[in-house]
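J.: In our numbering, the protein residues as written are 28 to 107.
We put the beta carbon where it would ideally sit given N, CA and C, even for glycine.
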């Protein structure tokens, strides 16, 4: 399954949003409720789905869905 589709499924599950609302330009902070729990949940879901390590600091630098997909794809290419 495509990396982008897998991340979309994570967003749908965690944030209960419609798939059509997610584009490369979707701002991640729009889906966090202001607590670190959403960020932690997202990190854990991505790590579990892709068997990679996501560093908190890295995720805080990522602002859009497209950047998140690129980040995960890069980690997968490097085998992290």
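Roughly how far, in whole angstroms, is the beta-carbon of residue 108 from the beta-carbon of residue 77, given that I think they are within contact range, below 8 Å?
T.: Only positions 28 to 107 of the chain appear in the structure, and residue 108 is not among them; the question remains open.
J.: The alpha helix (DSSP H) that contains residue 93, what's its start and end?
T.: 92-105 is the extent of the alpha helix (DSSP H) around residue 93.
J.: Exposed or buried, what is residue 102 when buried is set at 16 or more other beta-carbons lying within 10 Å of its beta-carbon?
T.: By the neighbour-count rule (16 or more Cβ atoms within 10 Å), residue 102 is buried.
J.: Pick from 41, 51, 44 and 32: whose alpha carbon is nearest that of residue 90?
T.: Among 41, 51, 44 and 32, the Cα nearest to that of residue 90 belongs to 51.
J.: Using 8 Å for Cβ pairs, my map puts residue 83 next to residue 70. What's the rounded Cβ distance?
T.: Confirmed, about 7 Å.
J.: If I follow the unbroken alpha helix (DSSP H) through residue 47, where does it start and stop?
T.: Note, residue 47: premise wrong, no alpha helix (DSSP H); not H, not E.
J.: Which residue marks the beginning of the alpha helix (DSSP H) containing residue 64, and which one marks its end?
T.: Per DSSP, residue 64 belongs to the alpha helix (DSSP H) from 63-77.
J.: Short check: CB of residue 86 to CB of residue 66, under 9 Å?
T.: Yes, Cβ-Cβ distance for residue 86 and residue 66 is below 9 Å.
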